[in-house]
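Note sheet for the following structure.
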Amino acid sequence: MPRFTLPDGSARDFDGPASGRDLAESIGPGLARAAVGAKVDGELTDLDRPIDRDAEVALITRPRKDTPLADQDPGALYLLRHSAAHVMAEAIQRIWPEAQLAYGPPLDHGFYYDIYLEQPISSDDFARIEKEMAAIVKEKRPFARYELDPEAGIQRLEAEGNKYKLDNARRALDGGAEKLSWYVTGEVDRNWEDLCMGPHLPGTGDIGAFKVTSVAASHWHGDVASDRFQRVYGTAFFSAADLDLMTAKGVPPACLGPRILRTETAAPAAVAIMLALTEGNETPFNRPVA
Numbered sequence: 016m017p018r019f020t021l022p023d024g025s026a027r028d029f030d031g032p033a034s035g036r037d038l039a040e041s042i043g044p045g046l047a048r049a050a051v052g053a054k055v056d057g058e059l060t061d062l063d064r065p066i067d068r069d070a071e072v073a074l075i076t077r078p079r080k081d082t083p084l085a086d087q088d089p090g091a092l093y094l095l096r097h098s099a100a101h102v103m104a105e106a107i108q109r110i111w112p113e114a115q116l117a118y119g120p121p122l123d124h125g126f127y128y129d130i131y132l133e134q135p136i137s138s139d140d141f142a143r144i145e146k147e148m149a150a151i152v153k154e155k156r157p158f159a160r161y162e163l164d165p166e167a168g169i170q171r172l173e174a175e176g177n178k179y180k181l182d183n184a185r186r187a188l189d190g191g192a193e194k195l196s197w198y199v200t201g202e203v204d205r206n207w208e209d210l211c212m213g214p215h216l217p218g219t220g221d222i223g224a225f226k227v228t229s230v231a232a233s234h235w236h237g238d239v240a241s242d243r244f245q246r247v248y249g250t251a252f253f254s255a256a257d258l259d260l261m262t263a264k265g266v267p268p269a270c271l272g273p274r275i276l277r278t279e280t281a282a283p284a285a286v287a288i289m290l291a292l293t294e295g296n297e298t299p300f301n302r303p304v305a
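My numbering puts the sequence shown at residues 16 to 305.
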């Protein structure tokens, strides 16, 4: 019978495993509509992730329309931009089915995805990618998590034939992961999915506004002698007004995500693995200036 202690010191008891959504619904319908995630003992999680123990739980909500960007919850922005990275990757694979995904973390002000694709992606393609992203958002598919034991997970990835994801999985297991997890935008074995630790927004429809901002070169494990990736950058906000504000300010792409988003809410293991995977890669933010 888990007990969830809220930030104000109050507590809610549940008869069995419950989620952040269950907690929000027990408090009120308005909070249930606004909630997009939860912090469980300080770690950011999906809103629907079951919690089977006593824990300190803080609900993460989407910002109100009048909330300045600087005051918006970093945890909510992490969920938003991580989810937008998945939507962008799915959109790219809709356009180029042969594209192989490597990794795609959220950043301070956006996100990126490293992709192996022989066909060059240019700024002329951004509108096509954004059009597919808009269609995915409009479909309002849920982000659904499923897990596999290491043996079954590795077998699944070997059958998929993506050596980059297979390498990511082995690194996660070497780092102490007991299971491998995937996120599906929709239904397992029916919709697009990606090997991922999470967490994510409840669904694609929770993504407010987005923009593909730039593309750069990167390399597998940061090794210039290894496979060359195309690193596609984007940014996302909960409202079109915030996106328009950043655009109106003339913020260049280099300011829309130079660093992996590190907050006290991000899962430490996930951040550590992403930092290791991307270390040394060339981006618009660390190229030598002539």
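Positions of the beta carbon are idealized from the N, C-alpha and C atoms, including for glycine. Predicted, not measured: the structure shown is a model, and the values here were computed from it.
For Gly237, the first and last residue of its enclosing alpha helix (DSSP H) = For the purposes of this step, residue 237 is taken as the residue at position 222 of the sequence shown. Gly237 -> no alpha helix (DSSP H), and no H or E assigned at all.
So Val72 packs on Leu216, CB below 8 Å; how close in whole Å?
-> Your numbering for residue 72 matches position 57 in the sequence shown. Your numbering for residue 216 matches position 201 in the sequence shown. That pair is no contact at about 18 Å.
Pick from Leu116, Leu94 and Glu40 that is closest to Trp235, judged by C-alpha positions | Position 220 of the sequence shown, counting from 1, holds the residue named residue 235. Minimum Cα distance to Trp235 is reached at Leu116.
I think Ile75 touches Ala91, with their Cβ atoms under 8 Å apart; what is that distance to the nearest whole Å?
-> Your numbering for residue 75 matches position 60 in the sequence shown. Your numbering for residue 91 matches position 76 in the sequence shown. About 5 Å separates the two Cβ atoms, so the contact holds.
Excluding sequence positions up to five away, which residues of its chain have a Cβ less than 6 Å from the Cβ of Glu147?
-> Within the sequence shown, the letter at position 132 stands for residue 147. So the list reads Ala106 and Arg109, once near-sequence residues are dropped.
Whole angstroms is fine: what's the gap from Trp197's alpha carbon to Gly220's?
-> Counting from one through the sequence shown, the residue named residue 197 turns up at place 182. Counting from one through the sequence shown, the residue named residue 220 turns up at place 205. Between Trp197 and Gly220, the C-alpha separation is close to 19 Å.
Exposed or buried, what is Pro32 when buried is set at 16 or more other beta-carbons lying within 10 Å of its beta-carbon?
-> Working through the sequence shown from its first residue, we reach residue 32 at position 17. Pro32 comes out exposed.
Distance CB(Asp30)-CB(Arg18) smaller than 7 Å = As a first step, residue 30 is located in the sequence shown; it is residue number 15 there, counting from the start. As a first step, residue 18 is located in the sequence shown; it is residue number 3 there, counting from the start. No; because the gap between Cβ atoms is not below 7 Å, this pair is not in contact.
Quick check: the segment 186-193 against the segment 154-161, are there 3 or more CB pairs under 8 Å?
-> no
Ala167: which of Glu193, Lys153, Asp129 and Ile144 sits nearest, CA to CA?
-> As a position in the sequence shown, residue 167 is number 152, starting the count at 1. Measuring from the Cα of Ala167, the nearest candidate turns out to be Glu193.
Got a sec? Which residues, its chain only, sit under 7 Å from Trp111 by beta carbon, not counting five neighbours each side?
-> Taking the sequence shown and counting its residues from 1, the one referred to as residue 111 is at position 96. Closer than 7 Å at Cβ, skipping near neighbours: Leu132 and Gln134.
Given that a residue counts as buried once 16 or more other Cβ atoms are within 10 Å of its Cβ, and exposed if not, what is Gln170?
-> Here residue 170 refers to the residue found at position 155 of the sequence shown. Counting Cβ neighbours within 10 Å, Gln170 comes out exposed, since fewer than 16 surround it.
Exposure of Asp204, with buried meaning 16 or more beta-carbon neighbours within 10 Å = The count along the sequence shown starts at 1 and reaches residue 204 at position 189. Looking at its Cβ environment, which holds fewer than 16 other Cβ atoms inside 10 Å, Asp204 is exposed.
Got a sec? Which residues, its chain only, sit under 6 Å from Thr60 by beta carbon, not counting five neighbours each side?
-> As a working mapping, residue 60 is identified with position 45 in the sequence shown. These residues qualify, in order along the chain: Ala53 and Pro214.
For Ile66, three-class secondary structure by DSSP = What you label residue 66 is simply residue 51 of the sequence shown in a count that begins at 1. Strand at Ile66.
Are there 16 or more other CB atoms within 10 angstroms of the CB of Pro78, so buried, or fewer, so exposed?
-> As a first step, residue 78 is located in the sequence shown; it is residue number 63 there, counting from the start. When all chains shown are included, Pro78 counts as buried.
Give the secondary structure of Leu74 by DSSP, where H, G and I count as helix, E and B as strand, and everything else as coil.
-> Position 59 of the sequence shown, counted from the start, is the residue given in the question as residue 74. Here Leu74 sits in strand by DSSP.
If you drop the 5 nearest sequence neighbours on each side, which residues of the same chain put their C-beta closer than 8 Å to that of Val230?
-> In the sequence shown, residue 230 corresponds to position 215, counting from 1. For Val230, where only same-chain residues beyond five positions count, the Cβ hits under 8 Å are Ile136, Ser137, Ser138, Gln245, Arg246, Val247 and Tyr248.
Buried or exposed (CB count within 10 angstroms, at least 16 for buried), Val102 = As a working mapping, residue 102 is identified with position 87 in the sequence shown. Counting Cβ neighbours within 10 Å, Val102 comes out buried, since at least 16 surround it.
Could you give the residue range of the beta strand (DSSP E) that holds Gly312?
-> The requested residue 312 is not part of the displayed model; the chain covers only 16 to 305.
Of the choices Leu94, Asp37 and Ile151, whose alpha-carbon is the least far from that of Glu58?
-> Stepping through the sequence shown from its first residue, residue 58 is reached at position 43. Comparing Cα positions, the closest option is Leu94.
Would you identify the three-state DSSP class for Val203, choosing helix, strand or coil?
-> To locate residue 203, count along the sequence shown from 1; it is residue 188. Val203: coil per DSSP, three-state reduction.
Classification of Asp23 by the beta-carbon crowding that lies within 10 angstroms, buried from 16 upward | Here residue 23 refers to the residue found at position 8 of the sequence shown. Per the 10 Å Cβ criterion, exposed.
Hey, how far is the Cα of Leu62 from the Cα of Arg36?
-> Position 47 of the sequence shown, counting from 1, holds the residue named residue 62. Position 21 of the sequence shown, counting from 1, holds the residue named residue 36. Spanning the two alpha carbons is a distance of roughly 5 Å.
Neighbourhood of Ser241 by C-beta distance below 8 Å, restricted to the same chain and skipping five residues each side = Taking the first residue of the sequence shown as 1, we reach residue 241 at position 226. Within the same chain, Ser241 has close Cβ partners His234 and Trp235.
So what does DSSP say about Ser241, is it helix, strand or coil?
-> Along the sequence shown, one-based indexing puts residue 241 at 226. Reduced to three states, the DSSP call for Ser241 is coil.
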